[in-house]
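Residue numbers (the working numbering): 96 to 645.
Virtual Cβ for every residue (Gly too), placed ideally from N, Cα, C.
As the structure is a computational prediction, the values presented were derived from the model and not from experiment.
If you want it as structure tokens, here you go:
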């Protein structure tokens, strides 16, 4: 604790000094090297001190102080501009609300005994750690239509079962996180598709080319090396029962001692307390738990179609309808439906009174407080990075090394760095796509036959590098909203989740670069690259991974 306060006090002293230094040297705070300091400080402190709230707050404050040129004024801007601005965004408010509603739903299910009943039912199908991890992976693939919905469903649904089989919370968070954004980004029908093909279409229009953006999107799928390797690695880990580094230690701890969390860990959601508050007695039927989850999924899917068809009409292709829908609004509807459904069963069967349901709901909402605050601060830091031009600085830094054959690999690494520093995959895509596609076109060109543009393989590889590089950095970053949601829905310590997941994400990113984007840039078939990447991934886990005793 003394070490923690020493670091914080040091940062307090550093802030005015950094501001004065920036002004004295005339260094531009926006789009200069100083612009990378806020995310570096926030991420570094989070990993070093394991205090995410304080680390994020310090990162936001540092950025505001550098822009204002004064630490005290920067503190005021931290609250009245960045935190308030994060809360003023309608999509952010929707995320907060459906996160709180999720907590309330879990609270009702746990208090009514539905969680215990679900565990008893699932135990008949998932008897081993291998089958349980594969079940979580499969559920993540099934929830392909949205990354947020994926985390909200897979984490709470699988947690009681993984707890019973002594699978660490870190492993559950890894499974949830690795089957969220990668799956949604690959799906040809998802809440991502409209945004992705919109960026592709705009980028081609900017260079005077008319291309079928949806078909280009489909053509890039074989080049999505990182997303595919990340998904395959989860299955390999489960099947081979091998883990790496801190994850191996976490799994060994859970199996041998039953401690699902590290001693002293702070889970983002205290779902364990909800289960402890459940009155003694016979567990409720399993449908108390799974029907609210099914209601969530059905309302989300129907809501996406309904919301998208309002603007495009029912005659539009399904992928366009889903892409035009607001995922935040529909997930809010789905969360409300799940809460109502979860409340009906204990009320009808009189397992809980109306007051008991309300108490359970509020207790569940309270368990999400830390996660919600972290989300708000992460959004605030993202806005700081945007105002300071962090992404612009990174893009300018890589311009001198661009070449036709290296372009996909360089773009992938650049997207990874930007999304890691800013914590946003969509924001990174929006920044890089208008730069990467014209760069590829200028270097390589494309075929125009009969008025139709046929993209070169370098176009496809570069577009795929933007889309998957954005996911890679977002996957690793402790300030990413999807990473935070994965920790929250798995009831895992956030820093522990980031630390244990990092080796897998880094390995996947390095393998994707060396076996995919580099040879792909020289014209090697993406199918050969993919086969090589999966083989190297298997070999890496076989050699580096250590078997976890079951």
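With 16 other Cβ atoms within 10 Å as the buried cut-off, status of residue i
i, result
"residue 644", "exposed"
"residue 359", "exposed"
"residue 543", "At residue 543 the pLDDT is 44, less than 50, meaning the model places this residue with poor confidence; the figure from the coordinates comes in the next sentence. Flag for residue 543 reads exposed."
"residue 189", "buried"
"residue 427", "buried"
"residue 128", "exposed"
"residue 199", "buried"
"residue 43", "Outside the displayed span of the chain (96 to 645) sits residue 43, for which this structure offers no information."
"residue 596", "buried"
"residue 398", "buried"
"residue 547", "Model confidence at residue 547 stands at a pLDDT of 49, short of 50, so the residue's coordinates are unreliable; what they give is reported in the following sentence. That one is exposed."
"residue 265", "buried"
"residue 351", "exposed"
"residue 491", "exposed"
"residue 621", "buried"
"residue 410", "exposed"
"residue 626", "exposed"
"residue 393", "exposed"
"residue 545", "Caution is warranted here: a pLDDT of 44 is assigned to residue 545, below 50, making its placement in the model unreliable, and no coordinate value can be reported."
"residue 220", "exposed"
"residue 484", "buried"
"residue 171", "exposed"
"residue 591", "buried"
Residue range of the alpha helix (DSSP H) that includes residue i
i, result
"residue 348", "340-352"
"residue 517", "502-517"
"residue 245", "242-259"
"residue 281", "276-281"
"residue 477", "464-483"
"residue 127", "First-last for residue 127: undefined, no H or E at that position."
"residue 445", "From DSSP, residue 445 is part of no alpha helix (DSSP H); its letter is neither H nor E."
"residue 229", "224-237"
"residue 265", "264-273"
"residue 308", "308-315"
"residue 389", "382-407"
"residue 418", "413-419"
"residue 614", "613-616"
Top-ranked residue by Cα proximity to residue i, from the options
i, options, result
"residue 229", "396, 333, 498", "333"
"residue 557", "328, 341, 316", "316"
"residue 560", "597, 579, 517, 613", "613"
"residue 383", "415, 206, 554", "206"
"residue 564", "391, 523, 574", "523"
"residue 506", "634, 467, 474, 553", "553"
"residue 133", "457, 144, 160", "160"
"residue 610", "623, 156, 570", "623"
"residue 314", "331, 433, 204, 295", "295"
"residue 227", "265, 258, 197, 531", "258"
"residue 600", "347, 508, 526, 529", "508"
"residue 555", "308, 175, 381, 197", "308"
"residue 629", "604, 419, 413", "604"
"residue 232", "243, 241, 249, 302", "249"
"residue 453", "470, 469, 434, 466", "434"
"residue 381", "212, 169, 617", "212"
"residue 319", "570, 566, 420", "566"
"residue 66", "446, 325, 192, 487", "The first residue shown for the chain is 96 and the last is 645, placing residue 66 beyond what the model contains."
"residue 617", "511, 504, 163", "504"
"residue 385", "329, 251, 465, 354", "251"
"residue 608", "406, 209, 321", "321"
"residue 216", "580, 336, 256, 461", "256"
"residue 437", "424, 311, 455", "455"
"residue 260", "346, 241, 285, 237", "346"
"residue 569", "562, 165, 519", "519"
"residue 420", "279, 400, 204", "400"
"residue 364", "201, 156, 162", "201"
"residue 336", "262, 287, 527", "262"
"residue 502", "478, 479, 534, 471", "534"
Residue i - partner residues in DSSP beta bridges
i, result
"residue 642", "337"
"residue 362", "588"
Please specify which runs of the alpha helix (DSSP H), each continuous and at least 4 residues long, are wholly inside the segment 137-208, giving them in chain order.
147-163, 166-172, 179-183, 185-207
Of all the alpha helix (DSSP H) runs that stay within the bounds of the segment 528-603, which reach a length of 4 or more residues?
552-571, 576-584
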